[in-house]
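The structure appears below as structure tokens.
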Ligand SMILES: Cc1cc2nc3c(=O)[nH]c(=O)nc-3n(C[C@H](O)[C@H](O)[C@H](O)COP(=O)(O)OP(=O)(O)OC[C@H]3O[C@@H](n4cnc5c(N)ncnc54)[C@H](O)[C@@H]3O)c2cc1C
Ligand code: SF4
Ligand code: SF4
Ligand code: SF4
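In the working numbering, the protein residues as written are 0 to 831.
Next up, the structure:
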């Protein structure tokens, strides 16, 4: 697979953050948190309202799967995402509700006005359908309005936010129970599509001994009665059985209604309780006790009235081990005295009202709806929310309502219902975001009423973040994203595209329109080093350059200079193969490359002579590895140059090449893996150095690693060892070794974008506090524009380095003159 294809397939640049991927509605959590952090509450609210028109409701009761997925939880604690949504609702001003879309002339009936039905109605109305909700109760909201107690979610707030549905033009028929007040079959006939969203309104029954006695209540029935102001008396000792939100809400409601003592008993562990954990904590604060790993045995009574309850110990409670229920030890029995038992062990659906049940229900009485499209076997009937899944959560119901609306729209327009539905699913983000280097900071606790102030009333317990608290909490967001490659690259920053998008555009032929683009990259591999997937934009741009050369689109006219230099380096004016006179084979071959030769012929000669002192029978090849041609994308010409060189090495007995330039080294490593190569610094450090080069002074140099040596620890280590052996100290900048940054000249980029190159050169030079040492002649030349700079060989073989360190970069002509002078010197010295 080409690098371009790999980037298209694997780049995570557009991957949503963990929170957003886990949110069933995929709200841009990071986006609104950023707005809250900046105190821009209207904008925060606008982001939320674009997806979810009920921020106040969901800011209070959402089960927030986003928080369970939040990356910050691996550092300290998850962001308080739901509370920040509430803050956006509290302090932001919403735009007017969106207008209904262009009328489509089709009618959709929705049975049930809970979250699932409401969301479907909202979306379908926005699309232009005429929507009617049939709701059995006297208000919209389903469980949110009829069961969740006011101390968590006030009925007024629910009605205020749901008002948007009516304002949008949805027809609402309250107090209309389908099955009783209107037959389902009539809806089916008179509407173009029907959505069933009737929830799970029945308390699940537990047939244990004593469950019909006076004083036994059922969780959901109890809560709906409380909400309707018709609560039964619960002023004695109350035991609540269950571990979900219904159980905890029932316990807290009983306490507020005057119960003396309230205990929640759950058959599994606390960690396995499905209730929102913050709610459990508040219940405990309020004095409710919690007994876990005890399962209900029987209810005890006297004269048909509850007096207590018996429990059995549960062992192996884990849901994973025993999905059907924990294993019970009936030898371990415990009793509790009580006057009321509230059984809150779950809810179930009620489909008794469905007159055409057979077609859309299973034998067990649940709806048969496709997992993805939510369509039932009757193609005009859809179902969503708790009625399909069993009791889940409000956000799941909202998301299901949205999916149902998409399906109904497609069905009514005769489109494929199944295409591209994956994005709707809740999923785990593929991001790989490091938490290293972040300071720990605890999550801001939600301000709440004192325990005393909440005891005997239904006032809302959580009072909401102040603006300051919200902004401080929002500041904890790690802004998870994968644009790591872009962060450190001026070129990618300037492009302002994710690599995936860029690769797709290039694949669609962008390089034919923007011929400069691929040549602006330094091919420095920093992006690859920073990318968790190891993707290399440099490799991708190399592929593009090659494709451009094939199509006659590359290189650019500005690259004529490179071509001239390259032709010179491979011509008789510079190229030379030298072996000790009288010998045809060498033990080693010194290969200074065209860069060092153009920089200083003296350094080449002196280095060569020094090497021969320790490694007799070392030859010398003057020439070019072909790197510049390769970087221009001219692969055939590059292969020609490289093959000539390989043939020369072969002719000298396949000796080991002692390479003086990291660029050449990189080229050989990747394109001629059979060549035996070693960096010159690795050889030099193993032998004595000229005595006059050893320093008595304590000078510090800033060391610049060449980007082509990024993956070459032998180069990096041996250069450092060499500098220390000479007696100097090294300033290691943060971006060194594999994190090094390009000097700005890499990849022939300056010819395509001189301004960008100037920015890169300055940026790199500014990282250094001392005179700069490099081990690549081109890097030395680039960085000398801003700071005194030397090649490490200068310190050994150039006695005048103190004055030459400020020499400006050589022109192309000066470099070619030096190369020619070097060849002449070699010929005169060894062959005359
Ligand atoms: C006490 C309690 C606390 C909860 N706490 C939370 C919480 O903190 N966070 C959270 O996310 N979730 C919570 N939930 C769960 C959440 O409320 C539900 O998952 C969600 O309301 C399901 O939405 P729905 O639209 O599928 O069904 P419902 O909300 O049940 O709505 C169904 C609607 O259909 C109507 N209906 C039924 N039959 C007919 C008919 N034949 N004709 C006309 N109308 C009909 C009902 O009256 C109801 O209004 C809680 C549930 C309960 C009971
Ligand atoms: S680092 Fe860059 S190339 Fe790599 S996955 Fe992230 S965005 Fe894509
Ligand atoms: S840290 Fe911020 S962006 Fe990352 S998952 Fe958490 S809320 Fe989302
Ligand atoms: S300049 Fe370097 S870091 Fe930037 S895209 Fe090119 S290879 Fe990657």
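Every residue, glycine too, gets a C-beta built ideally from N, C-alpha and C.
Would you say the beta carbon of residue i is closer than 8 Å to some non-hydrogen atom of ligand 3?
i, result
"residue 443", "no"
"residue 65", "yes"
"residue 23", "no"
"residue 17", "yes"
"residue 832", "Here the chain covers residues 0 to 831 and nothing more, so residue 832 does not appear."
"residue 237", "no"
"residue 876", "Absent from the structure is residue 876, since the part of the chain shown begins at 0 and ends at 831."
"residue 425", "no"
Confirm the yes/no value for this check: CB of residue i, any heavy atom of ligand 2, distance under 8 Å.
i, result
"residue 504", "no"
"residue 531", "yes"
"residue 537", "no"
"residue 485", "yes"
"residue 9", "yes"
"residue 6", "yes"
"residue 3", "no"
Is the CB-CB distance between residue i and residue j below 9 Å?
i, j, result
"residue 115", "residue 397", "yes"
"residue 33", "residue 58", "no"
"residue 394", "residue 24", "yes"
"residue 298", "residue 210", "yes"
"residue 769", "residue 730", "yes"
"residue 256", "residue 233", "yes"
"residue 96", "residue 166", "yes"
"residue 750", "residue 540", "no"
"residue 602", "residue 816", "no"
"residue 372", "residue 402", "yes"
"residue 348", "residue 200", "yes"
"residue 668", "residue 657", "no"
"residue 565", "residue 635", "no"
"residue 500", "residue 13", "yes"
"residue 606", "residue 586", "no"
"residue 788", "residue 761", "no"
For ligand 4, I want to know if residue i counts as a neighbour, meaning its beta carbon is within less than 8 Å of at least one of the ligand's heavy atoms.
i, result
"residue 522", "yes"
"residue 468", "no"
"residue 708", "no"
"residue 525", "yes"
"residue 748", "yes"
Since residue i and residue j should fall inside the 8 Å C-beta cutoff, what is the C-beta to C-beta distance between them, to a whole number of angstroms?
i, j, result
"residue 150", "residue 457", "5 Å"
"residue 250", "residue 240", "That belief does not hold up - the Cβ atoms of residue 250 and residue 240 are roughly 10 Å apart, past 8 Å."
"residue 272", "residue 296", "In fact, because the Cβ distance is near 20 Å, the residues do not count as touching under 8 Å."
"residue 576", "residue 620", "5 Å"
"residue 293", "residue 266", "7 Å"
"residue 60", "residue 164", "Contact doesn't hold; Cβ gap of about 18 Å is too wide."
"residue 340", "residue 238", "5 Å"
"residue 710", "residue 664", "Between residue 664 and residue 710 the Cβ distance is about 11 Å, and since that is not below 8 Å, they are no contact."
"residue 666", "residue 629", "7 Å"
"residue 632", "residue 545", "5 Å"
For ligand 1, is there any heavy atom lying closer than 8 Å to the beta carbon of residue i?
i, result
"residue 229", "no"
Can you determine whether any heavy atom of ligand 6 sits closer than 8 Å to the C-beta of residue i, and answer yes or no?
i, result
"residue 490", "Ligands present in the displayed structure are limited to ligand 1, ligand 2, ligand 3 and ligand 4, and ligand 6 is not among them."
Check whether the stretch 777-794 and the stretch 549-564 touch, using three or more Cβ-Cβ pairs below 8 Å as the test.
no
Residue ranges of each alpha helix (DSSP H) within the stretch 114-192, 4 or longer:
114-126, 142-145, 154-166 and 183-189
3 or more residues per run - each beta strand (DSSP E) lying fully within the stretch 521-587:
575-577
Three or more beta-carbon pairs under 8 Å between the stretch 137-149 and the stretch 184-193, yes or no?
no
Jot down the residue ranges of each uninterrupted alpha helix (DSSP H) in the stretch 254-341, minimum 4 residues, whole runs only, in chain order.
276-284
If we require 4 or more residues per run, which alpha helix (DSSP H) segments fall completely within the stretch 388-444?
393-411
Would you check if the stretch 124-132 and the stretch 102-112 touch, i.e. whether three or more CB-CB distances between them fall below 8 Å?
yes
Answer yes if the stretch 121-128 comes into contact with the stretch 433-443, meaning at least three C-beta pairs across the two stretches below 8 Å, and no otherwise.
no
Any beta strand (DSSP E) of 3 or more consecutive residues that is wholly inside the stretch 348-392:
380-382
Counting pairs of beta carbons, one from the stretch 737-745 and one from the stretch 795-810, are three or more of them closer than 8 Å?
no
Using 8 Å as the Cβ pair cut-off and three pairs as the minimum, do the stretch 507-522 and the stretch 691-699 touch?
no
So, does the stretch 529-539 touch the stretch 5-14, judging by three or more C-beta pairs under 8 Å?
yes
Assess contact between the stretch 818-829 and the stretch 591-608, defined as three or more Cβ pairs (one per stretch) separated by less than 8 Å. Is contact present?
yes
Taking the runs of the alpha helix (DSSP H) that are 4 residues or longer, which of them lie wholly in the stretch 31-100?
40-48, 54-60, 64-68 and 80-90
Taking the runs of the beta strand (DSSP E) that are 3 residues or longer, which of them lie wholly in the stretch 602-683?
617-621, 655-658 and 676-678
Which residue spans inside the stretch 193-257 form an unbroken beta strand (DSSP E) run of at least 3?
215-217 and 236-240
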